[in-house]
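S.K.:
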Amino acid sequence: MRVVLILILFLAGCASPAPRFIGAERQDITLEGIRFAVFQQGTDAEVIRLGYLTRAQRAKVPELMEIAVMRSTGCRTVPNSLRSRIPGDTGEARFSLDCDVRVPGG
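Numbers -20 to -1, 1 to 86, taken from mature numbering (1 follows the signal peptide of the UniProt record, and there is no 0), label the letters of the sequence shown in order.
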């Protein structure tokens, strides 16, 4: 039982991309004390929030996810392209990218 619990806690701390993003370049970035892992595959990006946040702390996460993607990839996100496997989830999101428009600081 103890081994299973340790394994679950270990795996919960990992940021594994969706199968479509396996092999994609990973960039880690911290914004306002929140850590993110960003994976870019062509003109798509997946961002995973790392660590635990309370419900109140999650309100700003979607905006920070978009900033994390733009800074990590150097590409502008396509407006209204944020999508998540679970609606309202602040743990994972995907964005479409417009890499013809470079982002300052990216």
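All C-beta atoms in this analysis are idealised placements derived from N, C-alpha and C, irrespective of residue type, glycine included. None of these values were measured; they are calculated from a predicted model.
Report the rounded CA-to-CA distance for alanine 36 versus threonine 23, giving the unit in angstroms.
M.R.: 32 Å
S.K.: Could you tell me how far apart the beta carbons of leucine 77 and alanine 48 are, in whole angstroms, since I believe they sit closer than 8 Å?
M.R.: Wrong, their Cβ atoms sit about 13 Å apart, outside the cutoff.
S.K.: If we ignore side chains and look at the alpha-carbon of each, how far apart do serine 61 and phenylalanine 75 end up?
M.R.: 5 Å
S.K.: In the DSSP assignment, find the unbroken alpha helix (DSSP H) run with leucine 44 in it and report its ends.
M.R.: 41 to 53
S.K.: Kindly give me the distance between the Cβ atoms of valine 41 and isoleucine 66, rounded to whole angstroms, as I take these residues to be in contact under 8 Å.
M.R.: Not a contact, Cβ separation roughly 13 Å.
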